[in-house]
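Be aware that the sequence shown starts at 1, since it is given in our numbering, and climbs by one per residue.
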Amino acid sequence: MAEITGLSLIHPGDEFGSQAHSIVDIVFVHGLQSATTARSWDNEKGPERLWLYDLLPESLPTARIFNFVYQSDAVSLVNSKGSVISTYAESLLESLTAFRAPHQEASLFLSRVAPLRPIVFLAHSLGGLVVQKALIAASTGARADFFSIERSTAAILFFATPCHTDHKGIINILRYFSGVRKFQGISEEFVCDSQFQHNLNDTSAQLRQVQEDFEHLRLQESFKFNTYSFYEELPVANFGMRSASFRPSSKIQSSPNDCPGITTSNMYLKTICKFTSVGEPNFKRVLATLNIILNPSAECVPNLQKHQQGV
């Protein structure tokens, strides 16, 4: 059964727990072609099927964990010429502000550590562009409630999210995800249809604009949060799309808030954020990164402490 779209709380967090530094909102945003979240995050081979629900709450018990689900259909995205990215982003902002508003006042009293509960986004594939678009919209200050989301963001963890990808690179990614639909009742002729190709070009231009706008935001002095990028090590079988498609270009100006990219061993695009146990090396990398963000003594700054000082 398909999962209900929107924001859901999957772990309420223990605000009175001993790990006070871990009082944070962690928000998962899946990628394209995920009819249910499990397609982005689960690993059916392991004893824990969905690590959002078991591994992470066990490792960060005081963190409040959310899951944002949207209609992630690649063909619909292309047919909209990329415009639905704005719809997804606004839905994410609306959902977060609606949930956080009644809890924010309580958090002021529950913890001096988190005067405004910080947010950490974990985004897979093009879901990362949904997060980028949301923060771009929030940063304008047109809506105070949206602006508080941007100001409360402490970090983003991108998993195989296109990073400064050129037009051809985004076209390849969209064709890959759209091509999957050929095995679900849509013919190859449809995927290669001239109108569809035209829509691909328009969609690529829209997504490139999101990247450029986020790049501009990232280089502003008011940009308070860290960005971490996890790259897959293996190419996609029979497609040739490698991790280089998602790595930052050396030509792009860096930001003080950029942290080194992290390669996940023996992973490709669809498995980069699917973990089986707390002992798995790739899960340890993700957890270590979260602890860097949450631990004021960690080296990669601005971390949570510096973020709070800037709020």
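No residue lacks a Cβ here, since even glycine has one placed at the ideal position from N, Cα and C.
Note to self: Less than 7 Å between the C-beta atoms of Gly-145 and Thr-87, yes or no?
What the structure shows: In the sequence as displayed, the identity of residue 145 is Asp instead of Gly. For Asp-145 and Thr-87, no; Cβs fall outside 7 Å.
Notebook entry, point to check: Cβ of Ala-160 versus every heavy atom of the ligand COA: is any distance shorter than 6 Å?
Noted result: Among the ligands in the structure shown, none appear at all, so the ligand COA cannot be discussed.
Notebook entry, point to check: In three-state terms, what does DSSP make of Arg-285?
Noted result: In the three-state DSSP reduction, Arg-285 falls in the helix class (H, G or I).
Item checked: Beta-bridge pairing of Phe-28 - partner residues as DSSP gives them -> For Phe-28, which the question treats as bridged, DSSP gives the partners Asn-67, Leu-122.
Checklist line | Sufficient close CB pairs (3 or more, under 8 Å) joining the region 69-77 to the region 210-226 | finding: Too few Cβ pairs lie closer than 8 Å, so no.
Item checked: Rounded separation between Gln-209 and Leu-200 - CA only -> Whole-angstrom Cα-Cα distance: 14 Å.
Next item on the list: With a 10 Å radius around its C-beta and 16 neighbouring C-beta atoms as the bar for buried, classify Ser-139 as buried or exposed.
Entry: Ser-139 comes out buried.
Check: If Leu-129 sits next to Thr-161, beta carbons under 8 Å apart, how far is it from one beta carbon to the other, in whole angstroms?
Finding: That pair is a contact at about 7 Å.
Item checked: Limits of the unbroken beta strand (DSSP E) element including Ala-74 -> Run containing Ala-74: none in the beta strand (DSSP E); it sits in the alpha helix (DSSP H), 74-79.
Next item on the list: List the endpoints of the continuous beta strand (DSSP E) containing Ala-155.
Entry: First-last of the beta strand (DSSP E) with Ala-155: 153-159.
Note to self: Taking the beta carbon of Gly-279 as the centre, do at least 16 other beta carbons fall within 10 Å, making it buried, or is it exposed?
What the structure shows: It counts as exposed.
Item checked: Pairwise C-alpha distance: His-198 and His-11 -> Going from the Cα of His-11 to the Cα of His-198 covers about 43 Å.
Checklist line | 7 Å CB neighbourhood of Asp-213 in its chain, flanking five on each side removed | finding: Ile-136.
Next item on the list: Measure the C-alpha to C-alpha separation of Ile-292 and Tyr-53 and round it to an integer number of angstroms.
Entry: Between Ile-292 and Tyr-53, the C-alpha separation is close to 21 Å.
Next item on the list: Take the Cβ of Gly-13 as the centre, count every other Cβ of all protein chains shown within 10 Å, and call the residue buried at 16 or more, exposed below.
Entry: It is buried - the Cβ of Gly-13 has at least 16 other Cβ atoms within 10 Å.
Notebook entry, point to check: Hey, quick one: how far does the alpha helix (DSSP H) through Ile-136 stretch, first residue to last?
Noted result: Looking at the DSSP string, the run of the alpha helix (DSSP H) that includes Ile-136 is 127-139.
Margin query: By the three-class DSSP mapping on this structure, what secondary structure does Tyr-53 have?
Written below: Of the three classes helix, strand and coil, the one that applies to Tyr-53 here is coil, per DSSP.
Next item on the list: Report all residues from its chain with a CB closer than 7 Å to the CB of Ala-134; omit the five preceding and five following residues, and keep chain order.
Entry: Only Ala-89, Leu-92, Leu-93 meet the Cβ criterion.
Margin query: Going by DSSP in three states, Leu-116 sits in which element: helix, strand or coil?
Written below: It is coil, neither helix nor strand.
Notebook entry, point to check: Is DSSP giving Phe-230 helix, strand or coil here?
Noted result: DSSP, reduced to helix, strand and coil, places Phe-230 within a strand of the structure shown.
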